[in-house]
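Undergrad: Here you go, one structure.
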Amino acid sequence: MQSASSKSTTAANESAAFAGIGLGLLAHFIWGTYPVITKRLLLDVPPLLLLGVGYALALLIGMLLWPRAFHSRPWHQRSWWLLLIVVMARAATNILAVRFTLAIYAQLIYLSTPFAVALLGKALFSEDVPPRTYPALLICTLGSLLMLGGGNSSTLRWTHNDWVGVSLAAVSTICLALYMLLTRFRQKSDGEASQHVFVHQAAALAVFGAAGALVGGEHMPALGQLSLSTWGLFAVFVGVNLLGGNLVQIAALARIPTARFSSLIGIRLVAALLLGALLLGEELHSWAQIVGAALVLGGVTWYVSRRPKPSVAQSA
Numbered sequence: 461m462q463s464a465s466s467k468s469t470t471a472a473n474e475s476a477a478f479a480g481i482g483l484g485l486l487a488h489f490i491w492g493t494y495p496v497i498t499k500r501l502l503l504d505v506p507p508l509l510l511l512g513v514g515y516a517l518a519l520l521i522g523m524l525l526w527p528r529a530f531h532s533r534p535w536h537q538r539s540w541w542l543l544l545i546v547v548m549a550r551a552a553t554n555i556l557a558v559r560f561t562l563a564i565y566a567q568l569i570y571l572s573t574p575f576a577v578a579l580l581g582k583a584l585f586s587e588d589v590p591p592r593t594y595p596a597l598l599i600c601t602l603g604s605l606l607m608l609g610g611g612n613s614s615t616l617r618w619t620h621n622d623w624v625g626v627s628l629a630a631v632s633t634i635c636l637a638l639y640m641l642l643t644r645f646r647q648k649s650d651g652e653a654s655q656h657v658f659v660h661q662a663a664a665l666a667v668f669g670a671a672g673a674l675v676g677g678e679h680m681p682a683l684g685q686l687s688l689s690t691w692g693l694f695a696v697f698v699g700v701n702l703l704g705g706n707l708v709q710i711a712a713l714a715r716i717p718t719a720r721f722s723s724l725i726g727i728r729l730v731a732a733l734l735l736g737a738l739l740l741g742e743e744l745h746s747w748a749q750i751v752g753a754a755l756v757l758g759g760v761t762w763y764v765s766r767r768p769k770p771s772v773a774q775s776a
């Protein structure tokens, strides 16, 4: 009887792990498409307005799914306000980065987040730097330089705007690393549910986007002038990128360890390359760029495959 029960439990655990890996791949793929879809939408919708309206709709859906999210009132805590400031800075730099540079370049920079988490954790919280950090960082830096500097087409040629966009992406990466560290601290101290964290942040980003659009003089485009493809992409942006990415990630992290989830992060660059070529014409045109992309994917996967990483409600 015990043997049959043990076999049944093992089979159930293996099934959950298999499902978790599938969900993890899907979550990372969704996050990988975020810069591409955002860049395409920015051709028709101003950035902060897109951010505000998108998160307002995600907030409404989130409140329907988790109506008790606002029963917790963390706003008396300084760490909560600091977290919101970091989230808003991350969201603003994230969406502005692709306005100046290619979506695949922005996603390339975002893959350095695990290294930023490790180095900031050492600087701010005196955490030990995980093994492989420096050699993996060297490999990824070399790959990034090959990918960024190896373009030989008009689409991938490096310009002044790319410096601005990549710099914004780097700032966004640092903000995401701070977000992960602060979220780890809050989860350890308060045990706040990931779903509730997402709803609170969606509310803050909806207000931030709307206020920024108002101050910046952004105007809502005439709804009748937007094409069906733009409306479709906006639906994907809200339902898949903003909401679906979080739901799938939460489901994945409930089934597999965070370290295993993190080891799948390389799929984000693959997703950006595939959708970028389809929607934006952003393709790799030289062997140097292909080798560079392979080095980045290999270096990041090798680095995160054996180190734990905190689970977060939002990591786009």
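Throughout the sequence shown, residue numbering follows the working numbering, covering 461 to 776 in sequence.
The C-beta atom is built at its ideal place from N, Cα and C for all residues, glycine as well.
1) Identify which residue in 562, 738, 546 has its Cα closest to the Cα of residue 634.
2) With DSSP run on the structure shown, which of helix, strand or coil describes residue 676?
3) Does the count of Cβ pairs from the segment 497-505 and the segment 683-698 closer than 8 Å reach three?
4) Could you check what DSSP says for residue 591 in three-state terms: helix, strand or coil?
5) According to DSSP, is residue 723 helix, strand or coil?
6) Taking DSSP as the reference, what is the three-state secondary structure of residue 758?
7) In this structure, how does DSSP classify residue 545 when only helix, strand and coil are distinguished?
8) What's the gap between the Cα of residue 774 and the Cα of residue 724?
9) Check residue 774 in the structure and name its three-state DSSP category.
10) In terms of residues, what are the limits of the alpha helix (DSSP H) holding residue 689?
11) Rounded to whole angstroms, what's the CA-CA distance from residue 539 to residue 641? Just pull it up for me.
12) When the Cα atoms are used, what is the spatial distance from residue 769 to residue 574?
13) Using the beta-carbon count (16 or more within 10 Å), is residue 619 buried or exposed?
14) Going by the CB atoms, is the gap between residue 577 and residue 637 shorter than 9 Å?
15) Where does residue 745 sit, in a helix, a strand or coil, going by DSSP?
16) Judging by CA-CA distance, which residue of 512, 491, 478 is the nearest neighbour of residue 674?
17) Excluding five sequence neighbours on each side, which residues of the same chain lie with their C-beta closer than 7 Å to the C-beta of residue 729?
18) With a Cβ-Cβ cutoff of 9 Å, do residue 608 and residue 622 count as a contact?
19) Output yes or no for whether 9 Å exceeds the beta carbon distance between residue 668 and residue 497.
20) Report, in whole angstroms, the separation of the C-beta atoms of residue 715 and residue 477, which I expect to be a contact under 8 Å.
21) Apply the 10 Å Cβ neighbour rule to residue 510 and answer buried if 16 or more other Cβ atoms are within range, or exposed otherwise.
22) Within this structure, are the beta carbons of residue 700 and residue 606 separated by less than 9 Å?
23) Just the Cα atoms here: how many angstroms apart are residue 551 and residue 583?
24) Mapping the DSSP letters down to three states, classify residue 619 as helix, strand or coil.
25) In this structure, does DSSP put residue 561 in helix, strand or coil?
26) Take residue 629 as the anchor and find which of 560, 655, 585 has the nearest alpha-carbon.
27) Could you compute how far the alpha carbon of residue 515 sits from the alpha carbon of residue 664?
TA: In terms of the structure at hand:
1) 546
2) coil
3) yes
4) coil
5) coil
6) helix
7) helix
8) Confidence is the limiting factor: at residue 774 the pLDDT is only 47, short of 50, which leaves the residue's position unreliable, though a coordinate-based value still follows. Roughly 16 Å between the two C-alpha positions.
9) With a pLDDT of 47 at residue 774, under the threshold of 50, the modelled position of that residue is not reliable, and no figure is offered here.
10) 688-696
11) 11 Å
12) Confidence at residue 769 is low in this model, with a pLDDT of 47, below 50, so its placement is unreliable and no value can be given for it.
13) exposed
14) yes
15) coil
16) 512
17) 492, 567, 568, 571, 753, 756, 757
18) yes
19) no
20) 7 Å
21) buried
22) no
23) 23 Å
24) coil
25) coil
26) 560
27) 9 Å
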